Amino acid sequence: MKFAGLLLSFSCLLGGLPSVSAAQALDPQKLVQPEPTDTWPTYNGDYSGRRFSPLKQIHASNVHELSLAWTYRVAVGGGAMRGVGEPDIKSTPLMVNGILYFTIPDHVFAVDARTGLALWHYDWVDKGGHLIGNRGVGMYGEWLYFLAPDGWFISLEAKTGKERWRKKVADEKMQYFTTGAPMVVGNHVIVGVGGDAIDVPGYLEARDPQTGELQWRWDSEPKKGEPGSETWPNEYAMAHGGGMTWLPGTYDKDLNLLYWGTGNANPVMAGQGRKGADLYTCSIVAINADTGKLVWYFQGSPHDTHDWDNTETPVLFDAEVDGKPRKLLAQAARNGYFFVLDRTNGKNILSKPFVDLNWSKGIDAKGQPIPDPGREPTVDGNLLTINGGGGTNWIPPSYSPQTGLFYVNAVRGYSVTYLTDTSEHPEGYGGSNRDLWSQHVLEALDHKTGEVRWSHAYLTVDGLGGGLGGPGILTTAGDLLFSGDFNGNLIAFNATKGDILWHFPMLHSLSNGPETYLLDGRQYLIAGGGDTLYAFILN
Amino acid sequence: MGPTAENHNPHQHRSKTPLVIVFVFLALVPVSRSQQATPAANPQDTTEQQEDSRATSTRQFLGLGRLPDARLAAEGGKIFAPTCGFCHGADARGASGPDLLRSPVVLDDDQGELIGPTVHDGRPGKGMPAFPSFTSEQLREIAEYLHLQVELAANRGTYKALNVVTGDAKAGEAYFNGTGKCNTCHSVTGDLAHLGAKMSPSDLQQTFLYPAPRHPSPPKVTVTVEDGKTMSGTLKHLDDFYVAFYDADGAYHSITLKKGIEVQVEDKLVFHRQMLDKYTNQQMHDLTAYLVTLK
Chain A
1060 MKFAGLLLSF SCLLGGLPSV SAAQALDPQK LVQPEPTDTW PTYNGDYSGR
1110 RFSPLKQIHA SNVHELSLAW TYRVAVGGGA MRGVGEPDIK STPLMVNGIL
1160 YFTIPDHVFA VDARTGLALW HYDWVDKGGH LIGNRGVGMY GEWLYFLAPD
1210 GWFISLEAKT GKERWRKKVA DEKMQYFTTG APMVVGNHVI VGVGGDAIDV
1260 PGYLEARDPQ TGELQWRWDS EPKKGEPGSE TWPNEYAMAH GGGMTWLPGT
1310 YDKDLNLLYW GTGNANPVMA GQGRKGADLY TCSIVAINAD TGKLVWYFQG
1360 SPHDTHDWDN TETPVLFDAE VDGKPRKLLA QAARNGYFFV LDRTNGKNIL
1410 SKPFVDLNWS KGIDAKGQPI PDPGREPTVD GNLLTINGGG GTNWIPPSYS
1460 PQTGLFYVNA VRGYSVTYLT DTSEHPEGYG GSNRDLWSQH VLEALDHKTG
1510 EVRWSHAYLT VDGLGGGLGG PGILTTAGDL LFSGDFNGNL IAFNATKGDI
1560 LWHFPMLHSL SNGPETYLLD GRQYLIAGGG DTLYAFILN
Chain B
74 MGPTAENHNP HQHRSKTPLV IVFVFLALVP VSRSQQATPA ANPQDTTEQQ
124 EDSRATSTRQ FLGLGRLPDA RLAAEGGKIF APTCGFCHGA DARGASGPDL
174 LRSPVVLDDD QGELIGPTVH DGRPGKGMPA FPSFTSEQLR EIAEYLHLQV
224 ELAANRGTYK ALNVVTGDAK AGEAYFNGTG KCNTCHSVTG DLAHLGAKMS
274 PSDLQQTFLY PAPRHPSPPK VTVTVEDGKT MSGTLKHLDD FYVAFYDADG
324 AYHSITLKKG IEVQVEDKLV FHRQMLDKYT NQQMHDLTAY LVTLK
């Protein structure tokens, strides 16, 4: 007994990890590396959300030599997926020990990172949920974590793709859906949820990597009498208020804080039944990673009535502000505002629109935008000088410490927004918006001022709607920015100036965040375009 | 907001002479993967067909299951309102009793197998009386009514614009011929004749605000190549790397964009786009009210 007890405590010290010497296991040290090099161990490459790589084998002077190494097309039988058409790779693959792990809704793939050879494919048959996207897997030792669209949290063996267990984390009959990449932090797997067709509350969970059991749960809405409950008219509205947590967040190891964006309030566009700021919807929340307790919040869209989730990646970096080194968090929010906060306490440093907008009357003392009640959806239509889908969306932004610029693929546009449910207790969306003119623009924002240092409006014939899909951004120490247009071109820009240096016409437009890694001494660039993964190297 | 101001020269690194791209016209059609993943309807469809196709594709996207049977639901509504509406509200969204649109009994039910017994037997522990006299057909109809209420709230593809005609038609007419200067290009007896009979008021409103997404027309392009020679035609493709067009004889041309090549795209909608910064909501509503009178 004594002996068994000793063994048990030994395994606890190691956090219950399987042997890290196993060829395919993820060394936990890789998860806390400052910037990704020979491993891409988590959705954003590291916990900061910067999507900046220190690699510079590929640089501004030789990027024109970049050429195709291999492609991998997801063949999932039948092509079109329920309600969404052809599959789009929106996940950012993990690259661990020479193997890429990536997803589309209902499917996980393991592919040789050198050659594109398929190793295994896990195929889930859903019973509902939205197939709008899947952001990828999380990894702990030899285990992978995947969210099926219908609320199943599934662990796989990385070697074989064999299922270890599954846990139900959300009810698809209540119109929850799960698209996130589970995020491994210490001995927690952080799992978020989506859903807004029926008015349900949002939440974020930490689950045990070994067993999948619940460790903590943070609810997006307060309970009666708790701080924040005063921002709701009644308990009924608060209990159904939304605030989904569908996009992976970021993490500061020193502060042990998770930073997560929350989604729109419910009902989505008909706000008459939930007058008030509706905390903690459309917010950035800082949560203690071990306890799940809220430490601070900043609400990007108080009382949102436009479906502008504030889930966009909260990007973490350190820089000087007024001559003093600060721990910062920056976000280009869907509502069109660029926010810079002090990530130790949530205090606002900068709030400035990065696209034209008329829905807000300015900012309040806390730096939060003040919504204009005169620009809420109306029965007869309300004209907005911003795209209906917002100024950007989930698509990964990037921050380069080399240039000090925050990069975002933005949408300029106009829309008209309607209220379609005038009842006292609206449900669901209760409204709609229609895009008029719009244009996609890559913007490089100065984090000190919010000024647009350079921008590139992608040339096109088409008017491009806001879109939930679209190109993410990667920056590298080679002074490069990789992104794409909506005509299928994967494009390398000079990160400092914005000139185009290279492009590759893919069969479909860039649909995920590009990534880069070093393998056998060579720097690879990986990009997902529709149903195909493309790998590039210098030849 | 002008598209020309910030178009960076994609080939500047190769030359000191910038490529010139001049937008005189920019036609815009909606992206095929429309936002909110509610697939765009075919513009040639009638409004009714568009609504049906939007509702069907959105239902499929949401995983809401089958389309509720409208006839059964209508019968069910006749029973539900007087019998159940007192506690649950006539629209089933809750009163003294719970909101049934979010009820697991309703959402997990398919064809009355859960709702039927619940209504028939009641929930004595929760204060819901039993309704033992309902026939199995009636229980099925009540179930279908509830499924339809869920569909109407959750399936945003079924949402219909309410009354968008709230403005003053006289003021709209004055704006059309005055401040708005719409009559500079348009005539209510010419190109806009019978406009109000051709489309629904909400379609009409969105169309006059910015016609391109609903009525795409291929833009004209003129390309000036290095030797000063110009070619023009109907634009087929434009991105940061090449322009493609059909000339007057229908012959296809594609030209790689590089230094010294100038692309001019005719911009017929520039005034519509400029107006989007100028309209007040009242002017937009007045103009809508006027244009719908053009039967």
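Chains A and B, in that order, are what the protein sequence lines are. Mapping of the first sequence onto the numbering used here: residues 1060 to 1598, in sequence order. Mapping of the second sequence onto the numbering used here: residues 74 to 368, in sequence order. Backbone N, C-alpha and C fix where the C-beta goes; we use that ideal spot for every residue, glycine too. Note that the structure is predicted; figures quoted are calculated from it, not measured.
Of all alpha-carbon atoms in B:Ala317, B:Gly253, B:His345, the one lying nearest the alpha-carbon of tyrosine 363 of chain B is that of B:Gly253. If you ignore the 5 residues before and after methionine 304 of chain B, its C-beta comes within less than 6 Å of the C-beta of Val296, all in its own chain and listed in chain order. Taking C-beta atoms as the reference points, phenylalanine 1357 of chain A and isoleucine 1343 of chain A count as a pair closer than 8 Å. At least one beta carbon of chain B lies nearer than 8 Å to the beta carbon of methionine 1233 of chain A.
Looking only at B:Leu135, B:Leu173, B:His326, the smallest Cα-Cα distance to glutamine 1234 of chain A is reached by B:Leu135. The beta-carbon of proline 177 of chain B is placed less than 8 Å from the nearest beta-carbon of chain A. At least one CB of chain B lies nearer than 8 Å to the CB of histidine 1484 of chain A. At a cut-off of 4 residues, not a single continuous stretch assigned as alpha helix (DSSP H) sits fully inside the segment 1453-1484 of chain A.
For the options A:Pro1087, A:Glu1294, A:Thr1451, A:Glu1094, the alpha carbon positioned closest to that of histidine 1247 of chain A is the one of A:Pro1087. Only residues of its own chain outside the window of five on either side were considered, and among them Leu187, Ile188, Thr191 have a CB closer than 8 Å to the CB of valine 178 of chain B, listed in chain order.
The closest CA to that of proline 141 of chain B, considering only B:Cys160, B:His193, B:Arg213, B:Pro197, is found on B:Arg213. Under the Cβ criterion of 8 Å, valine 365 of chain B is not counted among the residues facing chain A. Taking 9 Å as the upper bound on Cβ-Cβ separation, chain B lies near residues Asp1544, Phe1545, Asn1546, Gly1547, Asn1548, Ile1550, Phe1552, Asn1553, Lys1556, Gly1557, Asp1558, Ile1559, Leu1560, His1562, Pro1564 of the segment 1534-1565 of chain A. The residues Trp1355, in chain order, have a CB closer than 8 Å to that of asparagine 1404 of chain A in the same chain once the five nearest residues on each side in sequence are set aside.
Contact residues of the segment 260-294 of chain B toward chain A are Ser275, Gln278, Gln279, Leu282, Tyr283, Ala285, Pro286, Pro292 (C-beta to C-beta distance below 8 Å).
Contact between the segment 1117-1133 of chain A and the segment 1556-1563 of chain A is present: three or more C-beta pairs spanning the two stretches fall below 8 Å.
At least one CB atom of chain B sits nearer than 8 Å to the CB of serine 1491 of chain A. Under the 8 Å Cβ criterion, the segment 1359-1376 of chain A counts as touching the segment 1427-1441 of chain A, having at least three qualifying pairs. Counting along the chain, the unbroken beta strand (DSSP E) around serine 327 of chain B starts and ends at 325-329.
Under the Cβ criterion (8 Å, minimum of three pairs), the segment 1542-1550 of chain A counts as touching the segment 1570-1586 of chain A.
Secondary structure of glycine 1589 of chain A (DSSP, three-state): coil. The shortest C-alpha to C-alpha distance from isoleucine 1158 of chain A to any of A:Pro1455, A:Val1170, A:Asn1492 is the one to A:Val1170. Valine 1122 of chain A is bridged by DSSP to nothing; it lacks a bridge partner. For serine 130 of chain B, the C-beta contacts it makes with chain A under 8 Å involve Gly1142, in order along the chain. Glutamate 1201 of chain A sits in coil when the DSSP states are folded into three classes, being neither helix nor strand. The three-state reading of DSSP puts histidine 358 of chain B in helix, counting H, G and I together. Judged by pairs of C-beta atoms under 8 Å, the segment 1409-1428 of chain A touches the segment 1393-1400 of chain A, as three or more such pairs exist. As summarised for the segment 1205-1244 of chain A, the continuous beta strand (DSSP E) elements at least 3 residues long and confined to that stretch are 1211-1216, 1222-1227, 1242-1244, given in chain order.
Inter-residue distance for leucine 235 of chain B and alanine 143 of chain B is about 21 Å (C-alpha atoms, whole angstroms). From the beta-carbon of tyrosine 1488 of chain A, the residues of chain B found nearer than 8 Å are Arg229, Tyr232. Bounds of the beta strand (DSSP E) holding glycine 1421 of chain A are 1419-1422. According to the DSSP secondary-structure assignment, glutamate 1379 of chain A is paired through a beta bridge with A:Pro1384. Note: leucine 1090 of chain A is not bridge-paired with any residue in the DSSP secondary-structure output.
The three-state secondary structure of tyrosine 1295 of chain A, taken from DSSP, is helix. Contact between the segment 1189-1199 of chain A and the segment 1243-1257 of chain A is present, with at least three C-beta pairs closer than 8 Å. For leucine 1518 of chain A, at least one C-beta of chain B is nearer than 8 Å to its own C-beta.
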